[in-house]
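The numbering of the sequence shown is our numbering, which starts it at 12 and goes up by one. Down below is the structure, laid out as structure tokens.
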Amino acid sequence: MPKPATPPPQTGASRRPTVAVIGSGFSGLLTAIHLLESDPQLIVRLVEKASAFGRGRAYSPARPDHVLNVRTSNMSAFPARPNHFQDWLRAQGEDADPARFATRRQYGDYLQALLRDAMRRAGGAGRLLLEKDEAVEIVPQALGGYEVRLALGRGFVADAVVLALGAGLPAGPPQVDADVLGRRTYVGDPWRTDLSGLPDGEILVIGAGLTMIDVVRSLDRPGRSILAISRHGVLPRVHDVAPPAPPPQGPMATPRAALKTLRRHARAVGWRSAVDSVRPMTAEIWRSWPESERRRFLRHAQPWWDVHRHRLAPAVAAWLEQPIWGDRLAVIAARLEGLSCAPRGFFATLRRRGERQGFQQRFDAVVNCTGPRGGFAGFPLLERLAARGLACPDSLCLGLDTDDEGRLRLESGRSAEGLYAVGPLTRGAHWEALAVPDLRRQAAALAATLARDLARAVA
Ligand SMILES: Cc1cc2nc3c(=O)[nH]c(=O)nc-3n(C[C@H](O)[C@H](O)[C@H](O)COP(=O)(O)OP(=O)(O)OC[C@H]3O[C@@H](n4cnc5c(N)ncnc54)[C@H](O)[C@@H]3O)c2cc1C
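See below:
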């Protein structure tokens, strides 16, 4: 792993443009790489609070058997080099079959190789500097630019700052007693918690998407029985052959019209190909809907979109179909209506979809697998930025308000100078800003925008 570097000394006249990229997961790393390529003078300071640069939340080696949920053929980090990940796997002597689902650890190794490569190419001139610390405050400077303050007390000045902080904390179910949250056997965020200490017995998992399936894989052992609940009780669909199809033709002006058009297209080309065919246009379609229609989509259509869009690798689906899971895992459509502490474990009040009467059940542990809460939850840095009037949540509270090119938008509606965001925090502007095929385009486009803005500012 490259060591954090000391920046070259800079004086007023020789000061080279500097961009701070906060967060070194996929989005931050790729933005940094594109920025370094865009301008040979530019210095990038990549700030990361986690122990490893480049892996982010998704691609740590914690569970070496966890696989990607996107095929190797679609996981290149670069939109213009679609075979890049395959070529890298081949060069490592690994199976580079494009239809395969590589492990997340391999993907993390790939991202670290990209980081090493970027360090090597930029290293001679000291242009990529790694800051192993948490960014806690961003302070505008009188003469332009921002000071990025770090948790250990240091700070540095940059002309522009990119927020690549990932997705926020999961939404906590509102019907939970306060004393539940303090219990070790209530897991509020499975990505930041070691699940190995959870007891055997009955486990309630709230949510039934890909995170639930990861959690079930981590909890897998005899003596445990898992109940997963979600609004509709449907599991993510499974990947299968999906030949590329042209985008659908037909009205898309509202979620209802888009769904009708997509269904017709699915009958002609197959549902997987139909869903994949709209991915390059989702941001455009999302932005074309008035806010009321976007809200309608989130309320009624999102669960269905998610299960068709975020699919399971076939090997994971086959693992879930093992006969043992008939006894150990049940997935039902139900709501959590209350959660309180029992002498040992918890009492949950659940109500099945369509039923008037709830029922109570005891669980030994509870794991919250609902998606990110949205807004600024889990990001004190953003709360402080908002307090300075430099950031606001988007109107649907999915993340940060940004313009279509990634500049933060101020309360006045004006784009902030020198402040940008990339990744899941920008869902308000893009909707699909979660997976590599979307984020690689976003990172490349943001770096181009930022380099243009910087060039304009010094002209
Ligand atoms: C378990 C899991 C599996 C996934 N599998 C796939 C998959 O197979 N295919 C796919 O396409 N997508 C997958 N995804 C989606 C994945 O989120 C994206 O592919 C991508 O990794 C998101 O990267 P990111 O950089 O935007 O966010 P993150 O990976 O979350 O990175 C954000 C980084 O910012 C750092 N950070 C945050 N705040 C600060 C601060 N104040 N100071 C310093 N550092 C900070 C964090 O420590 C973190 O490293 C998966 C996601 C998860 C959670």
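Don't be surprised by glycine CBs; every beta carbon is placed ideally from N, CA and C.
Confirm the yes/no value for this check: CB of ASN80, any heavy atom of ligand 1, distance under 7 Å. On the sequence shown, residue 80 is found 69 positions in, with the first residue counted as 1. Yes; taking the cut-off as 7 Å, the Cβ of ASN80 has a heavy atom of ligand 1 nearer than that.
Give a yes or no on contact between the stretch 265-272 and the stretch 227-234, applying the rule of three or more CB pairs nearer than 8 Å. Using a C-beta cut-off of 8 Å, the stretch 265-272 makes no contact with the stretch 227-234, since fewer than three inter-stretch Cβ pairs fall below that distance.
Return yes when the Cβ of LEU419 is within less than 8 Å of the Cβ of MET432, no when it is not. Residue mapping note: residue 432 aligns to position 421 of the sequence shown, counting from 1. Residue mapping note: residue 419 aligns to position 408 of the sequence shown, counting from 1. Contrary to the premise, residue 432 reads as Ala rather than Met in this sequence. Result yes, Cβ atoms of ALA432 and LEU419 sit closer than 8 Å.
What does the alpha-carbon distance come out to for the pair GLY183 and ASP50? By 1-based counting over the sequence shown, the position of residue 183 is 172. By 1-based counting over the sequence shown, the position of residue 50 is 39. Looking at the backbone, the Cα of GLY183 and that of ASP50 are separated by about 43 Å.
Would you kindly check if the distance between the Cβ of ALA113 and the Cβ of LEU100 is under 8 Å? As a position in the sequence shown, residue 100 is number 89, starting the count at 1. As a position in the sequence shown, residue 113 is number 102, starting the count at 1. Yes, the Cβ-Cβ distance between LEU100 and ALA113 is below 8 Å.
Going by CA-CA distance only, name the one from GLU59, TYR121 and ARG467 that's closest to LYS143. Here residue 143 refers to the residue found at position 132 when the sequence shown is read from its first residue. Taking each of GLU59, TYR121 and ARG467 in turn and checking the Cα distance to LYS143, the smallest one comes out for GLU59.
Can you grab the Cα-Cα spacing for the pair THR272 / GLU295, in whole Å? Here residue 272 corresponds to residue number 261 of the sequence shown, with the count starting at 1. Here residue 295 corresponds to residue number 284 of the sequence shown, with the count starting at 1. Cα to Cα, the separation comes out at about 16 Å.
Comparing the CB of SER35 with every heavy atom of ligand 1, is any distance shorter than 7 Å? Residue numbering aside, residue 35 sits at position 24 when the sequence shown is read from its first letter. Yes, the beta carbon of SER35 sits closer than 7 Å to at least one heavy atom of ligand 1.
C-alpha gap between ASP464 and GLY119, whole angstroms: As a first step, residue 464 must be located in the sequence shown, where it is residue number 453. As a first step, residue 119 must be located in the sequence shown, where it is residue number 108. Straight across, the Cα-Cα distance linking ASP464 with GLY119 is about 31 Å.
Own chain, CB closer than 7 Å to LEU347, minus 5 neighbours either side, in chain order: Taking the first residue of the sequence shown as 1, we reach residue 347 at position 336. Closer than 7 Å at the Cβ level, and outside the excluded window around LEU347, lie PRO184, GLN186, ILE217, ILE240, ALA359 and LEU361.
Could you tell me the boundaries of the beta strand (DSSP E) in which GLY429 lies? Residue 429 sits at position 418 when you count from the first residue of the sequence shown. The continuous beta strand (DSSP E) containing GLY429 extends over residues 426-432.
Can you give the Cα-Cα distance for GLY155 and ILE54, rounded to whole angstroms? In the sequence shown, residue 155 corresponds to position 144, counting from 1. In the sequence shown, residue 54 corresponds to position 43, counting from 1. Answer to the nearest angstrom: the Cα atoms are 17 Å apart.
Cβ of LYS60 versus every heavy atom of ligand 1: is any distance shorter than 7 Å? Within the sequence shown, the letter at position 49 stands for residue 60. The beta carbon of LYS60 sits closer than 7 Å to at least one heavy atom of ligand 1.
Specify, as a first and last residue, the run of the alpha helix (DSSP H) that PHE387 falls within. Residue mapping note: residue 387 aligns to position 376 of the sequence shown, counting from 1. No residue range can be given for PHE387, since it is assigned to no alpha helix (DSSP H) and is classified by DSSP as neither H nor E.
State yes or no: is the C-beta of GLY434 nearer than 7 Å to some heavy atom of ligand 1? The sequence position of residue 434 within the sequence shown is 423, counting from 1. Yes - ligand 1 has a heavy atom lying nearer than 7 Å to the Cβ of GLY434.
Considering only the alpha carbon of each residue, which of ALA376, ASP414 and ALA398 lies closest to GLY208? By one-based count along the sequence shown, residue 208 stands at place 197. Of ALA376, ASP414 and ALA398, the residue nearest in Cα terms is ALA376.
Separation of ALA175 from ILE149, as counted between CA atoms: The count along the sequence shown starts at 1 and reaches residue 149 at position 138. The count along the sequence shown starts at 1 and reaches residue 175 at position 164. Spanning the two alpha carbons is a distance of roughly 14 Å.
With DSSP as the reference, please indicate the residues paired to ALA359 in a beta bridge. If you number the sequence shown from 1, residue 359 lands on position 348. ALA359 pairs with LEU350 and GLN372.
Any idea which residues DSSP pairs LYS143 with across the strands? On the sequence shown, position 132 is the one that residue 143 refers to. Note: LYS143 sits in a beta bridge opposite GLU59.
Taking C-beta to C-beta, are LEU215 and LEU238 nearer than 8 Å? Mapped onto the sequence shown, residue 215 falls at position 204. Mapped onto the sequence shown, residue 238 falls at position 227. Between LEU215 and LEU238, the CB-CB gap stays under 8 Å.
Going by DSSP in three states, ALA345 sits in which element: helix, strand or coil? Here the question's residue 345 lines up with position 334 in the sequence shown. Looking at ALA345 - three-state DSSP - the assignment turns out to be strand.
Roughly how many angstroms lie between the CA atoms of ARG373 and PHE357, to the nearest whole one? The sequence position of residue 373 within the sequence shown is 362, counting from 1. The sequence position of residue 357 within the sequence shown is 346, counting from 1. Their Cα atoms are separated by approximately 6 Å.
Closest to GLY434 by C-alpha separation, out of GLY385, ALA398 and ALA470, would be which residue? As a position in the sequence shown, residue 434 is number 423, starting the count at 1. Across the set GLY385, ALA398 and ALA470, the C-alpha of GLY385 shows the shortest separation from the C-alpha of GLY434.
Span of the alpha helix (DSSP H) around SER284: In the sequence shown, the residue the question calls residue 284 occupies position 273. In the DSSP assignment, SER284 falls within the unbroken alpha helix (DSSP H) covering 282-288.
Bridge partner(s) assigned by DSSP for LEU411: Numbered from its first residue, the sequence shown carries residue 411 at position 400. For LEU411, which the question treats as bridged, DSSP gives the partners PRO404.
Rounded to a whole number of angstroms, what is the C-alpha to C-alpha distance between PRO247 and ARG305? The count along the sequence shown starts at 1 and reaches residue 247 at position 236. The count along the sequence shown starts at 1 and reaches residue 305 at position 294. Approximately 22 Å between the Cα atoms of the pair.
DSSP on ALA124, reduced to helix/strand/coil? Sequence index remark: in the sequence shown, residue 124 carries index 113 (1-based). ALA124: helix per DSSP, three-state reduction.
Counted within 10 angstroms of its Cβ, other Cβ atoms place HIS441 as buried (16 or more) or exposed: Here residue 441 corresponds to residue number 430 of the sequence shown, with the count starting at 1. The C-beta of HIS441 has 16 or more other C-beta atoms within 10 Å across all chains shown, which makes the residue buried.
Just grab the DSSP bridge partners of ALA31 for me. For the purposes of this step, residue 31 is taken as the residue at position 20 of the sequence shown. DSSP output for ALA31 lists ARG56 and VAL172 as bridge partner(s).
So, with DSSP's three-state summary, where would you put GLU213? As a first step, residue 213 must be located in the sequence shown, where it is residue number 202. DSSP places GLU213 in strand when its eight states are reduced to three.
Spatially closest choice to ALA345 from ARG111, ARG367 and MET130, by CA coordinates: Here residue 345 is taken as the residue at index 334 of the sequence shown, counted from 1. Looking from the CA of ALA345, the closest CA among ARG111, ARG367 and MET130 belongs to ARG367.
Three or more C-beta pairs below 8 Å linking the stretch 316-330 and the stretch 242-261: A contact exists between the stretch 316-330 and the stretch 242-261.
Cα-Cα separation, CYS403 to VAL159: Working through the sequence shown from its first residue, we reach residue 403 at position 392. Working through the sequence shown from its first residue, we reach residue 159 at position 148. Spanning the alpha carbons of CYS403 and VAL159 requires a straight line of approximately 19 Å.
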